[in-house]
Each structure stands twice: as structure tokens, then as C-alpha cells.
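This report concerns only the one structure given below.
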Amino acid sequence: MIKCCEEHVDVAIDTIVDEYEVAPKIDKISVDNYPELFTTCEYCEKNAVYIVSN
Ligand SMILES: [Zn+2]
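For the sequence shown, the positions run 35 to 88 when the numbering used here is used.
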């Protein structure tokens, strides 16, 4: 599972596809649905907006 900003969602998708060879599932993060996951992007310092998982 990768948490990322809008800008890096493509990188995250590529990473999941490379690693698991499946189409990733993409969820939008908000403080309402994932308060514990409201965090920064894994690739930069911005707030994460998406969770990409296999
Ligand atoms: Zn980013």
C-alpha cells in the first residue's frame, strides 16, 4: 500500500503493477474516511491524497 499525492499517483500505480502484476486499487484519502492514514506522500513532502493498494 502506497500513500501518495496527486502528482505521484502514477508512480505509485507503476510500483504496484511492477511488484504485484495486478491492477491497483486507488482510494482517495480524507480526514473523514482515513484519519489515521492522513499523512505525507511517500515520494515528496506534500499531503497524501491517494492510497494505492493491490
Ligand atoms: Zn508526491
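The beta carbon of each residue, even a glycine, is placed where N, CA and C say it ideally should be.
Please read these numbers as outputs of a predicted model, since none were measured by experiment.
Asp-52 in three-state terms, based on DSSP: helix
Using the rule of at least 16 other Cβ atoms within 10 Å of the residue's Cβ for burial, across every protein chain shown, is Ala-82 buried or exposed? buried
Give a single yes or no on whether Lys-80 has its beta carbon closer than 8 Å to a heavy atom of ligand 1. The closest heavy atom of ligand 1 lies less than 8 Å from the beta carbon of Lys-80.
Please report the straight-line C-alpha distance between Cys-39 and Ala-46, rounded to a whole angstrom. 9 Å
Taking the continuous beta strand (DSSP E) assigned at Cys-39, which residues delimit it? Cys-39 -> no beta strand (DSSP E), and no H or E assigned at all.
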